[in-house]
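Here's the structure, in structure tokens; my notes come after.
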Amino acid sequence: MQNEHTTIEFPPETLALVNRIIKRYPEGRQKSALLPLLHIAQSENKGWLSTEMMDYVAILLDIQPIEVYEVASFYSMFNLEPVGNCLIEVCQTGPCWLCGAEEILAHFEKRLGIKSGETTADGRFSLKTVECLAACGNAPVIQVGTDYHENLNIQKVDELLDTWQAENKNSHSNPYL
Amino acid sequence: MATKILLENIEAPGLATFDCYRKLGGYASVEKALKSLSPDSITQEVLKSGLRGRGGAGFPTGMKWNFIDKKSDKPHYFICNFDESEPGTFKDRHIGQLNPHQLIEGMILGSYALGARSAYIYIRGELFYVLNIIEKAIDEAYQKGFLGENIMGSGYSLDLYCQPGGGAYICGEETALIESLEGKRGNPRIKPPFPALVGLYNCPTVVNNVETIANLPWIINHGADAYAALGTLKSKGTKLISACGHINKPGIYEIELGLPVEEFIYSDEYCGGIRNGNQLKAVVAGGSSVPILPAELILKTAKGEPRLLSYESLEEGGFQTGTMLGSGGFIVMDHTACIVKNLLTFARFYHHESCGQCSPCREGTGWMEKILRRIEAGKGSMKEIDLLADIAKHIDGTTICPLGDAAAWPVSSAIRHFRSEFEEHIIQQKCPFTK
Ligand SMILES: Cc1cc2nc3c(=O)[nH]c(=O)nc-3n(C[C@H](O)[C@H](O)[C@H](O)COP(=O)(O)O)c2cc1C
Ligand code: SF4
Ligand code: FES
Chain A
1 MQNEHTTIEF
11 PPETLALVNR
21 IIKRYPEGRQ
31 KSALLPLLHI
41 AQSENKGWLS
51 TEMMDYVAIL
61 LDIQPIEVYE
71 VASFYSMFNL
81 EPVGNCLIEV
91 CQTGPCWLCG
101 AEEILAHFEK
111 RLGIKSGETT
121 ADGRFSLKTV
131 ECLAACGNAP
141 VIQVGTDYHE
151 NLNIQKVDEL
161 LDTWQAENKN
171 SHSNPYL
Chain B
1 MATKILLENI
11 EAPGLATFDC
21 YRKLGGYASV
31 EKALKSLSPD
41 SITQEVLKSG
51 LRGRGGAGFP
61 TGMKWNFIDK
71 KSDKPHYFIC
81 NFDESEPGTF
91 KDRHIGQLNP
101 HQLIEGMILG
111 SYALGARSAY
121 IYIRGELFYV
131 LNIIEKAIDE
141 AYQKGFLGEN
151 IMGSGYSLDL
161 YCQPGGGAYI
171 CGEETALIES
181 LEGKRGNPRI
191 KPPFPALVGL
201 YNCPTVVNNV
211 ETIANLPWII
221 NHGADAYAAL
231 GTLKSKGTKL
241 ISACGHINKP
251 GIYEIELGLP
261 VEEFIYSDEY
271 CGGIRNGNQL
281 KAVVAGGSSV
291 PILPAELILK
301 TAKGEPRLLS
311 YESLEEGGFQ
321 TGTMLGSGGF
331 IVMDHTACIV
341 KNLLTFARFY
351 HHESCGQCSP
361 CREGTGWMEK
371 ILRRIEAGKG
381 SMKEIDLLAD
391 IAKHIDGTTI
401 CPLGDAAAWP
411 VSSAIRHFRS
421 EFEEHIIQQK
431 CPFTK
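Read top to bottom, the protein sequences are chains A and B.
Position 92 of the first sequence, counting from 1, maps to 92 under this note's numbering, and the rest follow consecutively.
Position 180 of the second sequence, counting from 1, maps to 180 under this note's numbering, and the rest follow consecutively.
In structure tokens, the structure reads:
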């Protein structure tokens, strides 16, 4: 293997989870575990996938690093740049737009002082627009970590932001746990 | 009371637990099937029921199962499509979150019928919390002997796993889903060969939608005839309609196919009418991909007959005056909604989600978004309306997978039925709906 020089190592309980997942696929098809592993790797790395982290995933699955990069760059849930501790994803597609998603986004931008796609200077919050989250009946909708927040209005956004600011919200926990 | 197959017990507290589900009659179909029915007779039953795929295309489920390569000595796979990414569609999440065991029960039936020993539920990565609920239910089913080795002493064994996606609408397309499940980018494969011959790991594979699969226990318990007695001639059974937008009661409704659209929109049992007493303007009846229809054509066909929620009635009139049932994502717009702006959000969506393999889709979706952005901002020209229609025409039918068509249809139908609204943006040099 080409890249044995990584210093990254998952903690034992994460490695146990990884091994359980790899066993779900037939012999020689361990590459199928790539998406689940990228979700785990991202959560172990403050919410984004560094090259070093992707190389480590390649080692875990015994595949080439390029096979990891090309997949990580295809799917929108994988961040290839650092993000804030709390990543707020605001749905912008038709049904949410019809129900006021633009005002919700504008309010987040105003309160955080950043535009969509940016991170606050203190590194605590990032804002990102996303496409339909399959919750359109409760529009407008946002996602933070694995949590959905639905039927939003300005007041609810304020309450959520106040709570997250007070508790120093981190949205990057392992999605399996 | 109308028959409910998918939402019958949905409000029962604790339905997601094995004990509650079992107490309400859950897993009876698996007992019946493994004790007394051959795999082939299950396929025959599903064929006879008239069940059509609920993922969007409406292909008869039993017929799809019959394509599976039975002679192949390779393993067979059954996959549940839980990608649920078509804008306006939010029904599968409801089943997965509140009634995971009904999905698992259906997975066992389908896997048994198809001779699969391993099955996967591919669920969009955003819905990880639902994945965790389903995995918990799967663990329970193993403990109770409904999954794993030698299920109920029948000699049949099945392993069932969940797989998260990574955020990509295209992975709802079944061959892209298979690629993704193999740990690759979600690039759709060229068909044929179809997955029934060459699917996951090049083995015979069937992919079905969550709702399709959740219907199976009822069909096996009550029989194909009972199922086929529901609905219309070409649309059997019930359907989940996820309704959103400018209505009083957005939500997920199980209707018997053939319900009049007017009743669905205005009755208190369903959408409860348009919000604030506003006027109905337009409906996208089957998820963002299907043609939009103005109020008069969604309530009545061009022939003046009441429009029904069924495959054939929604298709009545073809694309000139009709639409499609699609995934059942029912998006309602009142008179305050800007058709052009709504369309722009869809165009951006398809541009963002194009996998980039075919030039008409990769380039065309971006081009359409750009033109729509200009028109919506009041900076477009009349010529660009025709250009837009022309681009859509050239994408339609020229690509590897139907995402191209899905991107084109909303554009061509919006221009067909709401051309004057595009023109207003150009004449007023701004969106007429902004104050
Ligand atoms: C771009 C695209 C997206 C799709 N998304 C979904 C989806 O999210 N869920 C789904 O069940 N089917 C989706 N489909 C349809 C699947 O390709 C496939 O027809 C379906 O899973 C078959 O299941 P069914 O016969 O039970 O409907 C999509 C198709 C296309 C072309
Ligand atoms: S039509 Fe679009 S999404 Fe489908 S294969 Fe071609 S480029 Fe990819
Ligand atoms: S459009 Fe926002 S959840 Fe569907």
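Glycine residues also receive a C-beta, built at the ideal position from the N, C-alpha and C atoms.
Check, Outcome
"Strand pairing of B/H76, partner residues [DSSP]", "B/A116"
"Closest residue to A/L127 among A/A72, A/G84, A/E159 and A/D62 (Cα-Cα distance)", "A/G84"
"Local Cβ density within 10 Å of A/L15, reported as buried at 16 or more and exposed below that", "exposed"
"B/P164 in three-state terms, based on DSSP", "strand"
"C-beta neighbour in chain B for A/R210, strict 9 Å", "For chain A, the structure presents residues 1 to 177; residue 210 of chain A sits outside this window and is missing."
"Where the alpha helix (DSSP H) through B/A16 begins and ends", "Here B/A16 belongs to no alpha helix (DSSP H), and DSSP marks it neither H nor E."
"Bridge partners - B/F330, DSSP secondary structure assignment", "B/A243"
"Environment of ligand 3 in chain order, Cβ to heavy atom below 5 Å", "A/C91, A/T93, A/P95, A/C96, A/C132, A/L133, A/A135, A/C136 and A/V141"
"Partner residues on chain A for B/L127, Cβ-Cβ distance less than 8 Å", "A134"
"Chain A residues whose Cβ lies nearer than 7 Å to that of B/C244", "P95, C136, G137 and A139"
"DSSP state of B/R52 mapped onto helix, strand, coil", "strand"
"For A/S126: DSSP bridge partner residues", "A/L87 and A/T119"
"Partners in chain A for B/P87, counting only beta-carbon separations shorter than 8 Å", "T93, G94, P95, E131, C132 and C136"
"Within 9 Å, strictly: CB atoms of A/P36 and A/T51", "no"
"Helix, strand or coil at B/V30 [DSSP, three-state]", "helix"
"Under the three-state DSSP convention, the category B/A414 falls into", "helix"
"In DSSP terms, what B/Y227 is bridged to", "Beta-bridge pairing links B/Y227 to no other residue."
"Contact test: B/T61 Cβ vs ligand 2 heavy atom, cutoff 8 Å", "no"
"Min CB distance A/M53 to chain B below 9 Å", "no"
"Given 8 Å, three or more beta-carbon pairs between the stretch 63-74 of chain B and the stretch 255-272 of chain B", "no"
"Residues sharing a beta bridge with B/A282, DSSP", "B/P294 and B/M333"
"Bridge-paired residues (DSSP) for B/I255", "B/K239"
"Chain-ordered residues, beta carbon under 6 Å from a heavy atom of ligand 2", "B/I170, B/P188, B/S354, B/C355, B/G356, B/Q357, B/C358, B/C361, B/R362, B/T399, B/I400, B/C401, B/L403 and B/G404"
"Bridge partners - A/C147, DSSP secondary structure assignment", "Contrary to the premise, residue 147 of chain A reads as Asp rather than Cys in this sequence. Answer is A/V144, bridged to A/D147."
"Where B/F128 sits in the DSSP three-state scheme", "helix"
"Closest residue to B/G148 among B/Y129, B/E316 and B/Y112 (Cα-Cα distance)", "B/Y112"
"Buried or exposed (CB count within 10 angstroms, at least 16 for buried), B/A214", "buried"
"Reduced DSSP category for A/G137 - H, G, I as helix; E, B as strand; rest coil", "helix"
"Residue range of the alpha helix (DSSP H) that includes B/N66", "T61 to N66"
"Heavy atom of ligand 1 within 8 Å of B/V210 beta-carbon", "yes"
"Chain B contact residues for A/T146, given Cβ-Cβ distances below 7 Å", "F128 and Y129"
"Heavy atom of ligand 1 within 8 Å of B/S313 beta-carbon", "no"
"Exposure label - A/R20; buried when at least 16 CB within 10 Å", "exposed"
"Cβ-based burial, A/R49 [other Cβ within 10 Å; buried from 16]", "According to the sequence shown, residue 49 of chain A is Leu rather than Arg. With 16 or more Cβ atoms within 10 Å of its Cβ, A/L49 is classed as buried."
"Check whether B/G286 and B/F346 have beta carbons under 9 Å apart", "no"
"CB contact below 9 Å: A/G47 versus chain B", "no"
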